[in-house]
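Undergrad:
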Amino acid sequence: MVLKIGKGVLDLILERRPDWILYQDEEQRTPLHWAASMGYLEGVRNLLGKNTSTTMERDKDGFFPIHTASAKGHVHVIQELLQHWPYVEEMQNSKGQNILYVAATSGKLNVIKYILETPGLESLINERDKDGNTPLHLATMHWHPKLVSALTWDNRVDLRLVNNDGLTALDIAECYMENSSTFRQRLTWTALKAAGVPWNPNASAQKQVTFAAGFTIPGGYNSSGDDKDKGDKGVATNILGDNIFHGFIFCNTIAMFSSIFVAVTLIWAQLGDVHLVLIALRAALPLLGVALATMSLAFLAGIYLAVSKLSWLAITIMVMGLVFLVSLLSLYFFLCFPMSSSNRIMRYISYYPFCLLLVVTGSVADNDALRRCAVRCLPLF
1 MVLKIGKGVL DLILERRPDW ILYQDEEQRT PLHWAASMGY LEGVRNLLGK NTSTTMERDK
61 DGFFPIHTAS AKGHVHVIQE LLQHWPYVEE MQNSKGQNIL YVAATSGKLN VIKYILETPG
121 LESLINERDK DGNTPLHLAT MHWHPKLVSA LTWDNRVDLR LVNNDGLTAL DIAECYMENS
181 STFRQRLTWT ALKAAGVPWN PNASAQKQVT FAAGFTIPGG YNSSGDDKDK GDKGVATNIL
241 GDNIFHGFIF CNTIAMFSSI FVAVTLIWAQ LGDVHLVLIA LRAALPLLGV ALATMSLAFL
301 AGIYLAVSKL SWLAITIMVM GLVFLVSLLS LYFFLCFPMS SSNRIMRYIS YYPFCLLLVV
361 TGSVADNDAL RRCAVRCLPL F
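Sequential numbering from 1 applies to the sequence shown in full-length UniProt numbering.
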């Protein structure tokens, strides 16, 4: 009802029935709860102008109106409520959680940023609830990588704090990721690890790589039986002096031996030792990138040489290939770049690639919609 009436009508109702401002529904929510939940700032101001005691009324979940505003991301309503009751530390729900906890659980980045940037709210940053969890713990539990990144970049956040189970935020992330993980979970883990949150290594990975190369030399072989060409018989003499051909040979050779090294390294990774798996993957991943890049370049060089007499086609193929190669290397860059490095300089460099990955993952609502769609479509297959 609060949302459907204007200021004049609300004034009239409160003038004739002032007791309605204290009315609670079946959820024990007051009109101020609903106005705060929907971000109805004018209604919040009007209700507070009549009675400020409702700011300290709880619903059945122990939420104050400021908690409902935080859960919905209405910063302007939070600012208005704090003007009437600035003692935000006293406003905790039934779990002992303040508005920063609620924002961390709900994934409201704008509320997180407001609290971090507002003087006088520093005490909320490292506060613990009844389970010993901090806002960073809750943001991790609910897989909000944007929030985790924002919190870990603030130097006032104590990354070493543990909950009642003795777990840091990174420990919690790895417990949930033990069997499988989504991309959003991986981003959350990356943000925590890059910030230097203490952790206990407990992961395993297994990858396989295959590589096949053709050795048909572009330009053909010299099969002449003439005496003067006997020394060059069986050699690709048609283009031996071409720099593109030299590049083809170098790239093909590097790609071949890099892929062999990767294959042998990953054989060691199958021995079952977790630490050996991590070491093998660390060594294989960059070389796999080298193999993919040089294999692509060798393919481009071979095609270019094969159609070099038709210049427009050769140039078109080369441009197309380079565009796809740059795209490939860009995607692979995110796998190889140490975005989880706790080195300060590397962390600053990796900030923008990390933000790009956050954009790619989309919002929680988008992911939930995709998941529901997948569940509905699954019986069709």
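Where a beta carbon is used, it is the ideal one built from N, C-alpha and C, also for glycine. Predicted model, so just to flag it, every value in this text is computed and none were measured.
Short check: CB of A191 to CB of P135, under 8 Å?
TA: No, the Cβ-Cβ distance between A191 and P135 is not below 8 Å.
Undergrad: Where does H84 sit, in a helix, a strand or coil, going by DSSP?
TA: Three-state result, H84: helix.
Undergrad: Which same chain residues end up closer than 7 Å to D61 when comparing Cβ atoms and leaving out the 5 residues on each side of it in sequence?
TA: The answer, listed in chain order, is N93 and S94.
Undergrad: Roughly how many angstroms lie between the CA atoms of N126 and W34, to the nearest whole one?
TA: For N126 and W34, the distance between alpha carbons rounds to 29 Å.
Undergrad: How far does the alpha helix (DSSP H) with V44 in it extend, from its first residue to its last?
TA: Unbroken alpha helix (DSSP H) run through V44: L41 to K50.
Undergrad: At a cut of 8 Å, does the region 39 to 59 reach the region 77 to 86 through at least three beta carbon pairs?
TA: Contact between the region 39 to 59 and the region 77 to 86 is present, because at least three Cβ pairs lie under 8 Å.
Undergrad: Rounded to whole angstroms, what's the CA-CA distance from S37 to Y351? Just pull it up for me.
TA: The straight-line gap from Cα to Cα measures roughly 33 Å.
Undergrad: Give me the Cα-Cα distance between I112 and Q28, rounded to the nearest whole angstrom.
TA: Rounded to the nearest angstrom, the two C-alpha atoms are 27 Å apart.
Undergrad: If you measure between the beta carbons of L297 and C251, is that distance less than 8 Å?
TA: Yes, the pair counts as a contact, with Cβ atoms nearer than the cut-off.
Undergrad: Skipping 5 residues on each side, what residues in its chain have a beta carbon closer than 7 Å to that of S123?
TA: Taken in chain order, the residues that qualify are E89.
Undergrad: Going by DSSP, what residue range makes up the alpha helix (DSSP H) through L161?
TA: Run containing L161: none; DSSP gives neither H nor E here.
Undergrad: What does the alpha-carbon distance come out to for the pair V262 and V326?
TA: Looking at the two C-alpha atoms, the distance is approximately 22 Å.
Undergrad: Would you identify the three-state DSSP class for S53, choosing helix, strand or coil?
TA: Helix.
Undergrad: Tell me, to the nearest whole angstrom, how far the beta carbon of L170 is from that of V197; I am working on the premise that it is less than 8 Å.
TA: 4 Å between Cβ atoms; contact.
Undergrad: Just to confirm the assignment, what range does the alpha helix (DSSP H) spanning L147 have?
TA: From DSSP, the alpha helix (DSSP H) with L147 extends over P145 to T152.
Undergrad: From Y87, G49 and Y101, pick the residue whose C-alpha is nearest to that of residue 402; which is it?
TA: Any property of residue 402 remains undetermined from this structure, which presents the chain solely from 1 to 381.
Undergrad: Relative to the C-alpha of N344, which residue among W312, N155, I249 and G107 is closest?
TA: Strictly speaking, residue 344 in this sequence is Arg, with Asn absent from that position. The option with the nearest alpha carbon to R344 is N155.
Undergrad: Would you grab the beta carbon distance between residue 411 and A150 for me? Rounded to a whole angstrom, and I think it's under 8 Å.
TA: Residue 411 lies beyond the stretch modelled for the chain, which goes from 1 to 381, so this question has no answer here.
Undergrad: Count the other CB atoms, across all protein chains shown, that sit within 10 Å of the CB of I25; report buried if there are 16 or more and exposed otherwise.
TA: It is Asp, not Ile, that sits at residue 25 in the sequence shown. By the neighbour-count rule (16 or more Cβ atoms within 10 Å), D25 is not buried but exposed.
Undergrad: Run the CB neighbour count on K193, radius 10 Å, all protein chains shown included, and call it buried at 16 or more, exposed below.
TA: K193 should be labelled buried.
Undergrad: For W268, collect the residues of the same chain with a Cβ closer than 7 Å to its Cβ; drop the 5 residues on either side in sequence, then sort them by chain order.
TA: Taken in chain order, the residues that qualify are L276 and A280.
Undergrad: Reducing DSSP to helix, strand and coil, say where M38 ends up.
TA: In this structure, M38 counts as coil in the three-state DSSP scheme.
Undergrad: Judging by CA-CA distance, which residue of T30, H76 and K130 is the nearest neighbour of T52?
TA: Of T30, H76 and K130, the residue nearest in Cα terms is T30.
Undergrad: Thinking C-beta only, is A195 closer than 8 Å to T152?
TA: Going by C-beta atoms, T152 is nearer than 8 Å to A195.
Undergrad: Going by DSSP in three states, P198 sits in which element: helix, strand or coil?
TA: Reduced to three states, the DSSP call for P198 is coil.
Undergrad: With hydrogens ignored, establish whether the beta-carbon of A169 is closer than 7 Å to any heavy atom of the ligand ZN.
TA: Absence of the ligand ZN is noted for the structure shown, with no ligands found whatsoever.
Undergrad: Within the same chain, show all residues whose beta-carbon is closer than 7 Å to that of H84, passing over the 5 residues directly before and after it, in chain order.
TA: So the qualifying residues of the chain are L48, T52 and T55.
Undergrad: Can you give the Cα-Cα distance for A203 and T294, rounded to whole angstroms?
TA: With a pLDDT of only 28 at A203, under the threshold of 50, the placement of this residue in the model should not be trusted; the figure read from the coordinates follows. Rounded to the nearest angstrom, the two C-alpha atoms are 31 Å apart.
Undergrad: Would you say V290 and I254 are within 8 Å of each other, going by their C-beta atoms?
TA: Taking 8 Å as the Cβ cut-off, V290 and I254 qualify as a contacting pair.
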